[in-house]
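Residue numbers (my numbering): 696 to 1081.
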């Protein structure tokens, strides 16, 4: 966000910037606390339990209903009681009305009078001809287990919304989607619990790669029932997708493991001195008076940087002092304050010092050049004493 107008921060003095080497000695990393892992573990277990229930009970019931309908035979007596047989009666369409107006694929109520004078209604998804053409038409409606399952007009059969043949798809979609998603959360919790000493990075590839695979499989699993004709075919498609995902992850892991590790994760960005004040999301953390987060917004201008809780940057500013010295920009670490991870995985952390006190400036990577530029000395202060 840009704001025109004067800059109300004092100019910064010229300082010698000491660039520290990357502080990523893996042997000095400490394991992540279990309290930080618990939410991912709880979410993962809850999602897996939900997926297990969906695939074990509602899905099985829907498949049983579909098989029973396909195996049903016409009733021996058309006038007999409703049962698991197919009872077909002749009816006249009295009236057609739209059942819902907000869905792109509309459904229609058919109000019927059967041959014995019984009034009933059923709902169809869409109509092949204008609704007026249905009024007064003679049709045959087929009952199964007390509900009209399909309507036949001439040689055309139209299934009603009580058709149970595809009900399994919604349960399979939610079951596979939540199941794979839950596996991603559980893998993340397991890796952080057992291997968090390996790296300080908040998003290491050992976590990101399986999470991306789990997300892809969740989407693929949710789609599979709708692009296949049976549950068996959907299972086969999901199995193939899982094998492909495992193979791709294995190859990617081998490539990433063989990648040379220089131990330096510094992100090199050229500073961009703002010509006018800019207000963007960010925070400052450290054992300094201005290092308590600052309200979630930063104001950057030529020679000044300030924190504020105001998205417009006009209220409750707290200017960063001239003694703050930038050292290096890097990716977030899991040891950083939680606010550093609130930029959709696109944040950067600027390590600084203020008279020997470590200070972190955290913002989106696209705004970090403005932070670096704001911490640069301005021409007005070039002659100021250091």
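For every residue, glycine included, the Cβ atom is placed at its ideal position computed from N, Cα and C.
Buried/exposed call for residue i, threshold 16 Cβ in 10 Å
{"i": "residue 688", "result": "An answer regarding residue 688 cannot be provided, because it is not within the stretch 696 to 1081 covered by the chain."}
{"i": "residue 816", "result": "exposed"}
{"i": "residue 970", "result": "exposed"}
{"i": "residue 1002", "result": "buried"}
{"i": "residue 963", "result": "exposed"}
{"i": "residue 1023", "result": "buried"}
{"i": "residue 844", "result": "buried"}
{"i": "residue 945", "result": "exposed"}
{"i": "residue 938", "result": "exposed"}
{"i": "residue 1010", "result": "exposed"}
{"i": "residue 1021", "result": "buried"}
{"i": "residue 859", "result": "buried"}
{"i": "residue 1057", "result": "buried"}
{"i": "residue 1008", "result": "buried"}
{"i": "residue 741", "result": "exposed"}
{"i": "residue 700", "result": "For residue 700, the predicted model reports a pLDDT of 44, less than 50, meaning its position is unreliable; a value from the coordinates is still stated below. It is exposed - the Cβ of residue 700 has fewer than 16 other Cβ atoms within 10 Å."}
{"i": "residue 913", "result": "buried"}
{"i": "residue 931", "result": "exposed"}
{"i": "residue 721", "result": "At residue 721 the pLDDT is 40, less than 50, meaning the model places this residue with poor confidence; the figure from the coordinates comes in the next sentence. Under this definition residue 721 is an exposed residue."}
{"i": "residue 1094", "result": "Absent from the structure is residue 1094, since the part of the chain shown begins at 696 and ends at 1081."}
{"i": "residue 1017", "result": "buried"}
{"i": "residue 763", "result": "exposed"}
{"i": "residue 941", "result": "exposed"}
CA nearest to the CA of residue i, picked from the options
{"i": "residue 738", "options": "1000, 880, 1046, 1003", "result": "880"}
{"i": "residue 818", "options": "829, 788, 830, 856", "result": "856"}
{"i": "residue 801", "options": "792, 984, 808", "result": "792"}
{"i": "residue 1019", "options": "758, 863, 1066", "result": "1066"}
{"i": "residue 1043", "options": "987, 1064, 763", "result": "1064"}
{"i": "residue 782", "options": "770, 982, 923, 790", "result": "770"}
{"i": "residue 977", "options": "830, 877, 990, 810", "result": "990"}
{"i": "residue 765", "options": "804, 998, 861", "result": "861"}
{"i": "residue 754", "options": "911, 1031, 929, 847", "result": "929"}
{"i": "residue 1028", "options": "1015, 1012, 1013, 1046", "result": "1046"}
{"i": "residue 993", "options": "812, 884, 1055, 836", "result": "1055"}
{"i": "residue 1060", "options": "875, 909, 1026, 1030", "result": "1026"}
{"i": "residue 908", "options": "878, 1052, 744, 811", "result": "878"}
{"i": "residue 1030", "options": "1013, 1050, 1048, 981", "result": "981"}
{"i": "residue 866", "options": "1072, 1052, 736, 756", "result": "756"}
{"i": "residue 1069", "options": "1015, 996, 1017, 1004", "result": "996"}
{"i": "residue 933", "options": "743, 875, 972", "result": "875"}
{"i": "residue 752", "options": "863, 967, 772, 852", "result": "863"}
{"i": "residue 1049", "options": "935, 983, 912", "result": "983"}
{"i": "residue 920", "options": "967, 1000, 758, 822", "result": "758"}
{"i": "residue 851", "options": "740, 915, 760, 834", "result": "834"}
{"i": "residue 821", "options": "842, 838, 846, 809", "result": "846"}
{"i": "residue 1004", "options": "985, 841, 1016", "result": "985"}
{"i": "residue 979", "options": "911, 1052, 968", "result": "1052"}
{"i": "residue 837", "options": "890, 813, 811, 780", "result": "780"}
{"i": "residue 968", "options": "1071, 975, 951, 1017", "result": "1071"}
{"i": "residue 936", "options": "812, 951, 910", "result": "910"}
{"i": "residue 972", "options": "1012, 922, 987", "result": "1012"}
{"i": "residue 961", "options": "1006, 736, 896", "result": "896"}
Contacting residues, own chain, Cβ-Cβ under 7 Å from residue i (five flanking each side not counted)
{"i": "residue 948", "result": "904"}
{"i": "residue 886", "result": "901, 902"}
{"i": "residue 917", "result": "868, 871, 872"}
{"i": "residue 745", "result": "873"}
{"i": "residue 830", "result": "788, 790, 791"}
Beta-bridge partners of residue i, as assigned by DSSP
{"i": "residue 802", "result": "820"}
{"i": "residue 890", "result": "DSSP output for residue 890 lists no bridge partner at all."}
{"i": "residue 783", "result": "837"}
{"i": "residue 1059", "result": "1042"}
{"i": "residue 807", "result": "788, 815"}
{"i": "residue 1000", "result": "995"}
{"i": "residue 863", "result": "Paired residues: none, contrary to the question."}
{"i": "residue 1021", "result": "1047"}
{"i": "residue 990", "result": "In DSSP, residue 990 forms no bridge with anything."}
{"i": "residue 1096", "result": "Nothing about residue 1096 can be reported from this structure: the residues present for the chain run from 696 to 1081 only."}
{"i": "residue 875", "result": "DSSP lists no partner for residue 875."}
{"i": "residue 1014", "result": "1001"}
{"i": "residue 981", "result": "1054"}
CB contact below 8 Å: residue i versus chain C
{"i": "residue 908", "result": "Included in the structure is just one protein chain, with no chain C present."}
Own chain residues within Cβ distance below 8 Å of residue i, not counting five before or after
{"i": "residue 1041", "result": "1059, 1060, 1061"}
{"i": "residue 794", "result": "801, 802, 803, 804, 818"}
{"i": "residue 832", "result": "787, 788, 848"}
{"i": "residue 723", "result": "Only weak support is given to the placement of residue 723: the predicted model assigns it a pLDDT of 44, under 50, and the question is left unresolved by the model."}
Same chain only: Cβ atoms within 6 Å of residue i, ignoring 5 sequence neighbours per side
{"i": "residue 882", "result": "905"}
{"i": "residue 888", "result": "732"}
{"i": "residue 809", "result": "784, 786"}
{"i": "residue 749", "result": "866, 869, 870"}
{"i": "residue 842", "result": "857"}
{"i": "residue 1032", "result": "980"}
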